[in-house]
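Chemist: Please read through the structure below; I'll follow up with questions.
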Amino acid sequence: KGEYIGLSDGKVRVISDDVVDATIDLVRDIASSTEEVITFYTGKDAIPEDNETIKKKLKKYFPKMDIEMHKGGQPLYPYIFSIE
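Counting in the numbering used here, the sequence shown runs from -15 upward without gaps.
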């Protein structure tokens, strides 16, 4: 309770008490150097400051990838990612 989990292919990959850390750790775990774009969709309850922090950290860890952020408005998940 009170923890964030990161899922990929139906499996739990990350557990953290911080949404930003969970998000970054998950993307770092599943993204490869061959991909070019990371797109993330913010949920209806996502905190704007966290959104910007995630975007900045992703740019730091993946400087050659395009990072796109869109308002998804999904009710259950704070973030949904697509990595292409």
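Backbone N, C-alpha and C fix where the C-beta goes; we use that ideal spot for every residue, glycine too.
#1: Looking at residue 22 and residue 42, is the spacing between their C-beta atoms short of 7 Å?
#2: Leaving out five residues before and five after residue 39 in sequence, what residues of the same chain have Cβ atoms less than 7 Å from its Cβ?
#3: Which of the three DSSP states, helix, strand or coil, is assigned to residue 61?
#4: Could you tell me which of 10, 44, 27, 31 sits nearest to residue 60, measuring between CA atoms?
#5: When the Cα atoms are used, what is the spatial distance from residue -5 to residue 25?
#6: Can you tell me the Cα-Cα spacing of residue 15 and residue 67, whole angstroms?
#7: Would you mind giving the Cβ-Cβ distance between residue 6 and residue -11, rounded to the nearest angstrom? I have them listed as a contact below 8 Å.
Modeler: In terms of the structure at hand:
#1: Their beta carbons are under 7 Å apart, which means residue 42 touches residue 22 by this criterion.
#2: 51, 53
#3: coil
#4: 27
#5: 20 Å
#6: 7 Å
#7: 7 Å
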